[in-house]
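Residue numbers (our numbering): 805 to 977.
Report on the following structure.
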Amino acid sequence: MAVTQQLARVPAEYLAACRQSADASPDGDPRWDPPAHDVLDLDWAPALLKRVGEVAGLEEVHLDALRRATDGDTGLDLGFLATHPHSIAPFGGAPTGLDASHVTYVSALLDRIDMPVLLAALPADERDATALVGQEGSITGGLRPYLLGHFNALRAFYADAAERHLLVVLWWD
């Protein structure tokens, strides 16, 4: 099983209920189970997307937004989601997240990134492009379609979260 990045859009009330469940449960079970339509699997794309931004000279404010969209930050107290045996990230670091105001900010900046232009800045040769962004081996379907598809999914995910005033929780699983 591969370890991939997961994101979930949740209301603050849901996160509070999970925290309360973890506190009340003898084994710390937060009863974390966000709806499937509010979860995004980014596979291994986050590091590659950030690397494309760096290589293509993406403006720092937009590169920072891409980093925050895929790394979160430590502003939310999510320690209760990292408690054994109910940790949502048993194969990665502790979950991170963004509050609703940061989600809105990041979403607006992601919307201004022209990923096709960034991908066009990569070498034309697929092997050279994958090596430049740090991917070993080929990606089924090609690097550019893989990254464009994952970036578009990330942008749409954040746009929906911003529109609904939701938090985003990130973890590797």
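C-beta atoms are modelled at their ideal positions from N, C-alpha and C, and glycine is treated no differently.
Which residues DSSP lists as bridging residue i, in chain order
{"i": "V856", "result": "None; V856 has no bridge partner."}
{"i": "A812", "result": "V843, V973"}
{"i": "D877", "result": "G901"}
Sequence-distant residues of the same chain with beta carbon closer than 7 Å to residue i, five excluded per side
{"i": "V807", "result": "F895, G896, W976, D977"}
{"i": "V907", "result": "Y962, A965, A966, L970, L971, V972"}
Continuous beta strand (DSSP E) stretch holding residue i: start and end
{"i": "E916", "result": "Residue identity check: residue 916 is Arg in the sequence provided, not Glu. Element bounds for R916: n/a, residue is neither H nor E."}
The alpha helix (DSSP H) enclosing residue i, as first and last residue numbers
{"i": "G953", "result": "947-967"}
{"i": "V930", "result": "Sequence inspection shows Glu at residue 930; the Val mentioned does not correspond to that position. From DSSP, the alpha helix (DSSP H) with E930 extends over 930-937."}
Nonlocal neighbours in the same chain, by C-beta distance under 6 Å from residue i, ignoring five residues either side
{"i": "I917", "result": "H866"}
{"i": "A925", "result": "A860"}
{"i": "M919", "result": "L952, F955"}
{"i": "Q809", "result": "L846, P850, W976"}
Whole-angstrom C-beta distance between residue j and residue i, which should lie under 8 Å
{"i": "L971", "j": "L902", "result": "7 Å"}
{"i": "T900", "j": "D877", "result": "6 Å"}
{"i": "V973", "j": "A812", "result": "5 Å"}
Inset, instruction - Would you be able to state if there are at least three C-beta pairs under 8 Å between the segment 922-940 and the segment 850-861? - result: Cβ pair count under 8 Å is three or more, so yes.
Inset, instruction - Could you tell me whether the segment 899-919 touches the segment 863-875, using the rule of 3 or more Cβ pairs below 8 Å? - result: Contact holds: three or more Cβ-Cβ distances are below 8 Å.
Inset, instruction - Answer yes if the segment 830-848 comes into contact with the segment 887-906, meaning at least three C-beta pairs across the two stretches below 8 Å, and no otherwise. - result: Touching, yes, given that three or more Cβ pairs across the two stretches are closer than 8 Å.
Inset, instruction - Decide if the segment 947-965 is in contact with the segment 840-849; the criterion is three or more beta carbon pairs, one per stretch, under 8 Å apart. - result: By the Cβ test, the segment 947-965 is in contact with the segment 840-849, since at least three Cβ pairs between them sit closer than 8 Å.
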